[in-house]
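For what it's worth, the working numbering labels the leading residue of the sequence shown as 100, then goes sequentially.
Read the structure below first, then the notes.
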Amino acid sequence: MLAVDDAQPVAASVVQVGDARERFAQWREGKAGKVLSVSVIGDSYSAGQDFYLNKLVQRVAGKVGFAGPGYVGFNHGAALGGTHFKYTRSSEKYFGGDWKVSGLGQASPDSRTVTGKSGAWLQVDASPTPAIDTTVSQAKLLYLGNGESSEIRYRWSTSQDWQPLKLEGSGVQEVPLAGLSSAQDWSFRLEVVKGAPTLFGLWMSNDQKGVRVSKLAASGAASADFYHQDPQWQIQWKAAVSKIPADVYLIMLGGNDQGFGVKPAQYLQNVQGLVGMLREIQPQASINLIMRQDTTRSSAYPMSAYAQVLEPWARERRLGYANLQCAFGPNVKRYAAAMIGPDKIHPVPATGGKVIADYFYAWITGANVRCNN
Numbered sequence: 100m101l102a103v104d105d106a107q108p109v110a111a112s113v114v115q116v117g118d119a120r121e122r123f124a125q126w127r128e129g130k131a132g133k134v135l136s137v138s139v140i141g142d143s144y145s146a147g148q149d150f151y152l153n154k155l156v157q158r159v160a161g162k163v164g165f166a167g168p169g170y171v172g173f174n175h176g177a178a179l180g181g182t183h184f185k186y187t188r189s190s191e192k193y194f195g196g197d198w199k200v201s202g203l204g205q206a207s208p209d210s211r212t213v214t215g216k217s218g219a220w221l222q223v224d225a226s227p228t229p230a231i232d233t234t235v236s237q238a239k240l241l242y243l244g245n246g247e248s249s250e251i252r253y254r255w256s257t258s259q260d261w262q263p264l265k266l267e268g269s270g271v272q273e274v275p276l277a278g279l280s281s282a283q284d285w286s287f288r289l290e291v292v293k294g295a296p297t298l299f300g301l302w303m304s305n306d307q308k309g310v311r312v313s314k315l316a317a318s319g320a321a322s323a324d325f326y327h328q329d330p331q332w333q334i335q336w337k338a339a340v341s342k343i344p345a346d347v348y349l350i351m352l353g354g355n356d357q358g359f360g361v362k363p364a365q366y367l368q369n370v371q372g373l374v375g376m377l378r379e380i381q382p383q384a385s386i387n388l389i390m391r392q393d394t395t396r397s398s399a400y401p402m403s404a405y406a407q408v409l410e411p412w413a414r415e416r417r418l419g420y421a422n423l424q425c426a427f428g429p430n431v432k433r434y435a436a437a438m439i440g441p442d443k444i445h446p447v448p449a450t451g452g453k454v455i456a457d458y459f460y461a462w463i464t465g466a467n468v469r470c471n472n
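See below:
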């Protein structure tokens, strides 16, 4: 088993679950080790790092330190994707060959898997900045074994020899990756040599104190993509997600439920199921539910209809709860033109995205603002 942190365990009586800001405060007080691991579950708002997540992670890491990229899924990449850890399936620079990308709703951390045949390859490039040290000291590959043997090879720079690796077993598997580069500007490349392996993504860390944010989000995802009643699906999803350490979960789903006309009661049932799975694998984690703001998109239900069923349940279960509608204001027509893009769904990064990033930052760090109480 690969060690994920070298912090000493902390007595359960010291760390209280609480919401994100309470957990962050406890961690800052030195009650919970040197790394605060955060997993973000959501749809395109979170999967598309430019909307708010990249800026949020950089800002928090600039305050408390950066402990590595966490989960870099082969679906939507890293929380600091596009700036520090570059990877995208839509670019021939980072993803090529004979890959099959699954549909949404897979029992995977980010709701999809990729299956490659011989010659398929992918690449993740690291680009440091003064505030973010992109050096990686530990790395593992997460994959789904099918009972047959596959072979891949990988390297961390073009000057390095290839590292061969055999992927075996059934179900969710993890395997440590060797030969890590000491340089900050590494370039990880993986190629399929034999067989047809199904991959989830990478999990990576460094030896620094700080925050580590894993992006478990998928564009187009609704609540039903992160919760299925099928017991075997749940077993696989929990096994995969449990490989990714998390002290805090931030869950923002509902935008695509609105788009698909999902009834609020069904949405609540799905979120309840998702929270139940997380409680099974991470009973001491802080689970936080975030409701997205309304947009001018035509829909059967306003976001407030989902908030009306989600908030009372979240309060009853002592989960963290936040509503972005408060940050944007009550008048959709007043903010939509400047803050929501022409698709009537996604925030404009420089305006609406900034509102979301500022809101999350103030909420997590415990700033005394109107919308985080």
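C-beta atoms are modelled at their ideal positions from N, C-alpha and C, and glycine is treated no differently.
According to DSSP, residues forming a beta bridge with residue i
i, result
"G172", "G176, G300"
"W198", "G215"
"L240", "V274, L301"
"A421", "I389"
"P263", "R252"
"V134", "G309"
"S269", "N245"
"I444", "BP columns for I444 are empty, so no partner."
"I231", "T228"
"K192", "BP columns for K192 are empty, so no partner."
"D185", "Reading off the sequence shown, one finds Lys at residue 185, where the question assumed Asp. Per DSSP, D224."
Counted within 10 angstroms of its Cβ, other Cβ atoms place residue i as buried (16 or more) or exposed
i, result
"P382", "exposed"
"E395", "The question names Glu, but residue 395 in the sequence shown is Thr. Counting Cβ neighbours within 10 Å, T395 comes out exposed, since fewer than 16 surround it."
"L202", "Reading the sequence as shown, one finds Gly at residue 202 and not Leu. G202 should be labelled exposed."
"P229", "exposed"
"W255", "buried"
"D260", "exposed"
"P363", "buried"
"V200", "exposed"
"A106", "Summary for A106: the model assigns pLDDT 38, below 50, so the residue's position carries little reliability; its value from the coordinates is reported in the next sentence. It counts as exposed."
"N387", "buried"
"K192", "exposed"
"A436", "exposed"
"A146", "buried"
"Q357", "buried"
"Q125", "buried"
"Q331", "exposed"
"R211", "buried"
"A131", "buried"
"D391", "Residue identity check: residue 391 is Arg in the sequence provided, not Asp. Under this definition R391 is a buried residue."
"A102", "At A102, the pLDDT of 38 sits below 50, so the modelled position is not reliable and the matter cannot be decided from this model."
"P441", "exposed"
"S397", "exposed"
"G196", "exposed"
"G218", "exposed"
"P429", "exposed"
"M100", "With a pLDDT of only 33 at M100, under 50, the local geometry of the prediction cannot be trusted, and no value is derived from it."
"R416", "exposed"
"P275", "exposed"
"A406", "buried"
"D284", "exposed"
Where the beta strand (DSSP E) containing residue i begins and where it ends
i, result
"L313", "Note that residue 313 corresponds to Ser in the displayed sequence, not to Leu. From DSSP, the beta strand (DSSP E) with S313 extends over 309-316."
"T214", "213-215"
"A282", "Taken as a continuous stretch (DSSP letters only), A282 belongs to no beta strand (DSSP E), as it is neither H nor E."
"D224", "220-225"
"R288", "286-293"
"L349", "347-351"
Residue i: CB within 7 Å of a non-hydrogen atom of the ligand FAD
i, result
"M402", "Ligands displayed in this structure: none; no statement on the ligand FAD is therefore possible."
Anticipated Cβ contact below 8 Å, residue i with residue j, distance rounded
i, j, result
"L241", "E273", "5 Å"
"Y304", "T257", "Reading off the sequence, residue 304 comes out as Ser, not Tyr. The pair is not a contact, with the Cβ atoms about 24 Å apart (cut-off 8 Å)."
"S269", "G300", "Actually they do not touch by this definition, with Cβ atoms about 19 Å apart."
"A345", "V163", "Going by Cβ atoms, the distance from A345 to V163 rounds to 17 Å, so no, they are not a contact pair."
"A320", "D142", "5 Å"
"Y151", "A456", "4 Å"
"K185", "S236", "Not quite, the Cβ-Cβ distance comes to about 20 Å (not below 8 Å), so this is no contact."
"G465", "R120", "4 Å"
"G169", "V271", "G169 to V271, Cβ: 17 Å. No contact."
"N369", "Y326", "5 Å"
"A384", "V361", "Not really, about 26 Å apart at Cβ, beyond 8 Å."
"E247", "P263", "Rounded, the Cβ-Cβ distance is 17 Å, inconsistent with contact."
Boundaries of the alpha helix (DSSP H) in which residue i is found, first to last residue
i, result
"R122", "119-127"
"S409", "The displayed chain sequence assigns Leu, not Ser, to residue 409. Element bounds for L409: 402-415."
"Y434", "431-438"
"I455", "453-464"
"K337", "330-340"
"F359", "354-359"
"P382", "Note, P382: premise wrong, no alpha helix (DSSP H); not H, not E."
**Message:** Suppose only complete runs of 4+ residues qualify. What are the alpha helix (DSSP H) ranges in the stretch 140-169, listed by chain order?
**Reply:** 143-146, 152-163
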